[in-house]
Amino acid sequence: MYRGTNRTACTSQKQIADALLELLNDSSFQSISVASICRRADISRQTFYSLFESKENVILYELSKSCTFEPASGCGQEVTLRQLARNYSHYLTTHRDFLATLVNNGIIHYMYDQQYRSLISCDCFMAASSQEDRCFTADFMASGMTSIARSYIMSGGLEDEAYLEKMICSLFSGKMIRY
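Count along the sequence shown starting at 1, add 224, and that's the number in my numbering.
Rendered as structure tokens:
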């Protein structure tokens, strides 16, 4: 995936992502071809493949650009479960439509990779822990956060941020399941 700053390339990336999202309103992810994305975006296949490896890459791009949960990088202090829960519940409610598109197309699992990278790259996420502990915890949390997003959408996306924050804290702290 292209990660540079060339204005034309960045504009083309956005056109491609917008085209795919528009196509997802009428067709399933599996039935959408790169050719149909190119037609909708009014770009060549050569341009597409110079910017993305696949249509899956376009979803990852969209997740990284407009729908990434950031756990408060640069805050100077270790992020707490309460802060993660608060930020993530806000993320869920403000990105409900995009998350519904992912769930309805059976591609919510792409969110996991982005969440994992987001946690690992956050300088405030378990900063005092070993890299191994950070990796295990980020894996667990990214999986859980993706599953929570799926459950939120599958239940109709009606829960408010306060409910979601409380549920996230309860789930990740182990209060929901007896030991």
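Just so it is clear, CB atoms sit at the ideal spot from N, CA and C, and this is done for glycine as well.
With distances taken Cα to Cα, identify the nearest neighbour of Cys-346 among Gln-237, Thr-304, Lys-238 and Ser-255.
Thr-304
Proximal residues to Leu-244 (C-beta, below 6 Å), its chain only, five neighbours per side dropped:
Ile-261 and Val-282
Where do the ends of the alpha helix (DSSP H) carrying Cys-393 lie?
385–397
Quick check on Leu-382: does DSSP put it in helix, strand or coil?
coil
Status (buried if at least 16 other CB within 10 Å, exposed otherwise) for Ala-401
Rather than Ala, the amino acid found at residue 401 in this sequence is Ile. Exposed, because fewer than 16 other Cβ atoms sit within 10 Å of the Cβ of Ile-401.
Option nearest Leu-323 by Cα separation, candidates Gly-381, Arg-227 and Leu-395
Gly-381
Using CA atoms only, rank isn't needed, just tell me which of Cys-393, Asp-242, Arg-263 and Phe-253 is closest to Ile-331.
Phe-253
For His-314 and Gln-307, what's the separation of their Cα atoms in angstroms?
Going by the C-alpha atoms only, they are around 11 Å apart.
Please say whether Glu-246 and Arg-264 have beta carbons closer to each other than 8 Å?
yes
Would you mind reading off the limits of the alpha helix (DSSP H) that contains Met-335?
334–345
Helix or strand or just coil, what does DSSP make of Val-258?
Collapsing the DSSP output to three states places Val-258 in a helix.
Ala-352 to Asp-363 span [Cα, whole Å]:
Cα atoms of Ala-352 and Asp-363: separation of roughly 17 Å, rounded to the nearest angstrom.
How long is the line joining the alpha carbons of Cys-234 and Val-327, rounded to whole angstroms?
27 Å
DSSP three-state label for Glu-286, please.
The three-state reading of DSSP puts Glu-286 in helix, counting H, G and I together.
Exposed or buried, what is Met-350 when buried is set at 16 or more other beta-carbons lying within 10 Å of its beta-carbon?
Result: buried.
Other residues of its chain near Arg-320: CB distance less than 6 Å, five sequence neighbours each side excluded
So the list reads Gly-381, once near-sequence residues are dropped.
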